[in-house]
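Have a look at the structure below, then the notes.
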Amino acid sequence: MDDFMDDNGFVFTLDAVLALVIVFIALAAVASINETPLSSQIRLSHNAQDILETMSAYKKWSEEPSVLQNIANILSTHNNDQSGIKEAGQVAGIYLNQTLNSTKYNLTEAQLNITIAANADMEEAGDVAVGVKSCDGYIFRLCVWD
Numbered sequence: 001m002d003d004f005m006d007d008n009g010f011v012f013t014l015d016a017v018l019a020l021v022i023v024f025i026a027l028a029a030v031a032s033i034n035e036t037p038l039s040s041q042i043r044l045s046h047n048a049q050d051i052l053e054t055m056s057a058y059k060k061w062s063e064e065p066s067v068l069q070n071i072a073n074i075l076s077t078h079n080n081d082q083s084g085i086k087e088a089g090q091v092a093g094i095y096l097n098q099t100l101n102s103t104k105y106n107l108t109e110a111q112l113n114i115t116i117a118a119n120a121d122m123e124e125a126g127d128v129a130v131g132v133k134s135c136d137g138y139i140f141r142l143c144v145w146d
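Mapped onto the UniProt record's numbering, the consecutive letters of the sequence shown carry residue numbers 1 to 146.
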């Protein structure tokens, strides 16, 4: 009788192990599914807005203005002329290139309709995600795409 009980215990244990193997295979299959284009677009949209939010808060030193305030100050000081746009573009470009890595971007000021910094031409962009942030009377729009 003891051999019969040992065989049953072995069968039940083997059955449980096989069931767990099937569950793990199913979990691995679900986890390996690639993200859909929609979730990629949502990620980009959040990324665009998050970058603008960090630009408005990030300060290299506590007494300095934020990156976005610095850009607004440069534009204001130069009365929105080409030299101010170029200087503001350098400040924005340094931050955006470090932060966005290989993501393409275009930072514009919406009211003046000027491009401050860009690392690619928007005409070749497919799906574009947009973030908007106001700072010191300027409305900055950041477009990002893959």
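No residue lacks a Cβ here, since even glycine has one placed at the ideal position from N, Cα and C.
Predicted model, so just to flag it, every value in this text is computed and none were measured.
| Query | Result |
| --- | --- |
| Nearest neighbour of residue 137, chosen from 74, 98 and 102 [CA to CA] | 74 |
| N- and C-terminal bounds of the alpha helix (DSSP H) containing residue 88 | 82 to 100 |
| Cα-Cα separation, residue 133 to residue 47 | 13 angstroms |
| Residue 89 versus residue 71: straight-line alpha-carbon distance, rounded | 8 angstroms |
| Beta-carbon proximity check, residue 52 vs residue 142, cutoff 7 angstroms | yes |
| Residue 141 Cβ short of 6 angstroms to the ligand PLP heavy atom set | This structure lacks the ligand PLP, and indeed carries no ligand of any kind. |
| Where the beta strand (DSSP E) through residue 68 begins and ends | Not the beta strand (DSSP E): residue 68 falls in the alpha helix (DSSP H), residues 67 to 77. |
| DSSP-derived helix/strand/coil call for residue 64 | coil |
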